[in-house]
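Everything in the sequence shown is counted per our numbering, starting at 269 for the first residue and increasing by one. A virtual CB, placed ideally from N, CA and C, is assigned to each residue, including glycine. In this text, all values refer to a predicted model and were calculated from it rather than measured experimentally.
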Amino acid sequence: MGTVSMKRLLLFLQYALSGLLSICLFCTCTNGTAAELLRTYDDPFDDTPIAVSYAREYTVFLSWQEDEAADEYVLLRADDDGRYAFRELYRGTGVSFNDVLPCTQEQTRLLYRLDKTRGNRTFFGSKYACAVSSGTLQDLYECNDVSDRATELVTTCLATMPCSQFAYNGKAFYDEDWYYVSLKPLRSAYFTLTQTDSTPSGTNTDFVFMQEGGLRSVVANGVKFKVENTSLVTKNIRFKIMPDLTRVFSGAAGARVLAYRLEVGEETP
Numbered sequence: 269m270g271t272v273s274m275k276r277l278l279l280f281l282q283y284a285l286s287g288l289l290s291i292c293l294f295c296t297c298t299n300g301t302a303a304e305l306l307r308t309y310d311d312p313f314d315d316t317p318i319a320v321s322y323a324r325e326y327t328v329f330l331s332w333q334e335d336e337a338a339d340e341y342v343l344l345r346a347d348d349d350g351r352y353a354f355r356e357l358y359r360g361t362g363v364s365f366n367d368v369l370p371c372t373q374e375q376t377r378l379l380y381r382l383d384k385t386r387g388n389r390t391f392f393g394s395k396y397a398c399a400v401s402s403g404t405l406q407d408l409y410e411c412n413d414v415s416d417r418a419t420e421l422v423t424t425c426l427a428t429m430p431c432s433q434f435a436y437n438g439k440a441f442y443d444e445d446w447y448y449v450s451l452k453p454l455r456s457a458y459f460t461l462t463q464t465d466s467t468p469s470g471t472n473t474d475f476v477f478m479q480e481g482g483l484r485s486v487v488a489n490g491v492k493f494k495v496e497n498t499s500l501v502t503k504n505i506r507f508k509i510m511p512d513l514t515r516v517f518s519g520a521a522g523a524r525v526l527a528y529r530l531e532v533g534e535e536t537p
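Below, the structure is given as structure tokens:
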């Protein structure tokens with residue numbers, strides 16, 4: 269073999285061994301250094317946890333998005349009292365947490381913040397999730413909070429309606445209950461709503477009523493109201509019950525679970 273051919277063979281073997289060594293090193297550290305090298309260099313993104321109240325007694329279910337730029341997630345909680353005295357609830361790599369509170373925390377407004385760490389740096393969440401600790405759960409008719417999921421009303425129903433207004437951002441969170449009845453052409457149906465507290469009969473309740481496409485009207489306690497089918501064909505007529513927030517909170521922060529009984533009345537021309 270000539271001198272030139274030998275040099276080419278040695279050069280080839282050198283490159284081959286170098287490549288093989290690189291592959292071996294990469295495979296050896298796939299779960300360590302290589303993973304770190306392939307990791308994003310971006311900072312963790314700002315995220316607000318999703319908070320679900322009223323699904324279990326005195327429990328708030330929290331979840332958030334996975335962030336490959338974060339080493340750990342840090343979940344903190346504070347009362348919605350204007351002091352924002354957050355304390356740590358959870359630190360780890362999971363993306364959910366169930367916050368179980370004592371039964372003394374009835375209708376307590378809560379704020380949740382999600383911080384993230386990377387190395388020795390902490391990235392603080394800029395927005396808070398709002399939730400309420402409650403011993404009263406959502407009613408059996410949920411989720412009828414939109415027209416497309418309206419509950420057919422064929423008998424008396426007992427329902428709850430959580431509502432809250434937060435000092436943190438002034439936002440109000442409340443349930444709406446949609447129902448429907450099947451009515452023949454040019455006929456009406458009457459219903460009676462009774463607020464299940466000490467509201468005197470005949471006085472205005474903390475609820476308003478609105479037939480789909482119509483105007484809101486205050487509901488009087490124990491007094492009949494009607495929905496009507498003004499068309500010439502049989503139709504499912506939808507209507508909703510919702511809280512009158514101006515009466516419930518009068519502009520101040522608070523949390524309540526309203527309750528009512530809705531009775532089906534007669535159908536008339």
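Compute the distance between the beta-carbons of residue i and residue j, then report whether it is under 8 angstroms.
i: isoleucine 505; j: tyrosine 448; result: yes
i: aspartate 314; j: glycine 393; result: yes
i: cysteine 425; j: tyrosine 442; result: no
i: arginine 529; j: threonine 423; result: no
i: asparagine 489; j: threonine 467; result: yes
i: leucine 369; j: phenylalanine 354; result: no
i: alanine 427; j: aspartate 445; result: yes
i: alanine 521; j: alanine 435; result: yes
i: valine 486; j: valine 495; result: no
i: threonine 460; j: glutamate 534; result: no
i: asparagine 497; j: leucine 526; result: no
i: glycine 470; j: valine 491; result: yes
Should residue i be labelled buried (16 or more other beta-carbon atoms within 10 Å of its own) or exposed?
i: asparagine 437; result: exposed
i: threonine 462; result: buried
i: proline 430; result: buried
i: leucine 281; result: Note that leucine 281 has pLDDT 49, beneath the 50 cutoff, so the model's placement of it is unreliable and the number below is only indicative. Burial call: exposed.
i: tyrosine 352; result: exposed
i: threonine 473; result: buried
i: threonine 502; result: exposed
i: arginine 524; result: buried
i: glutamine 333; result: exposed
i: leucine 454; result: exposed
i: threonine 419; result: buried
i: tyrosine 322; result: buried
i: threonine 536; result: exposed
i: leucine 279; result: With a pLDDT of 49 at leucine 279, under the threshold of 50, the modelled position of that residue is not reliable, and no figure is offered here.
According to DSSP, is residue i part of a helix, a strand, or is it coil?
i: valine 516; result: helix
i: serine 466; result: coil
i: serine 456; result: strand
i: aspartate 339; result: coil
i: serine 499; result: coil
i: serine 415; result: helix
i: asparagine 437; result: coil
i: glutamate 356; result: strand
i: proline 430; result: strand
i: tyrosine 442; result: strand
i: aspartate 347; result: strand
i: tyrosine 309; result: coil
i: phenylalanine 294; result: Residue placement at phenylalanine 294 cannot be trusted, given a pLDDT of 47 that sits under 50; the coordinates are not used to answer.
i: glutamine 410; result: Per the sequence presented here, residue 410 reads as glutamate, with glutamine not at that position. In the structure shown, glutamate 410 sits in coil (DSSP, three-state: anything other than H, G, I, E or B).
i: glutamate 420; result: strand
According to DSSP, which residues form a beta bridge with residue i?
i: threonine 327; result: Arg324 and Val368
i: leucine 540; result: Here the chain covers residues 269 to 537 and nothing more, so residue 540 does not appear.
i: valine 449; result: Ile505
i: serine 477; result: For the record, residue 477 in the displayed sequence is phenylalanine; it is not serine. In DSSP, phenylalanine 477 forms a bridge with Ser485 and Ile509.
i: glutamate 535; result: Ala457
i: phenylalanine 400; result: Note that residue 400 corresponds to valine in the displayed sequence, not to phenylalanine. According to DSSP, which records beta bridges pairwise, valine 400 is partnered with Arg377.
i: alanine 391; result: In the sequence on display, residue 391 carries phenylalanine and not alanine. Phenylalanine 391 is bridged to Lys384.
i: valine 244; result: Since the first and last residues shown for the chain are 269 and 537, residue 244 lies out of range.
i: leucine 530; result: Cys425 and Leu461
Quiz item: Does the pairing of the stretch 374-390 with the stretch 329-346 give three or more beta-carbon distances under 8 angstroms?
Solution: yes
Quiz prompt | Three or more C-beta pairs below 8 angstroms linking the stretch 321-332 and the stretch 368-381 | solution = yes
Practice problem: Specify whether the stretch 348-365 and the stretch 403-418 touch according to this definition: at least 3 beta carbon pairs, one from each stretch, less than 8 angstroms apart. | Solution: no
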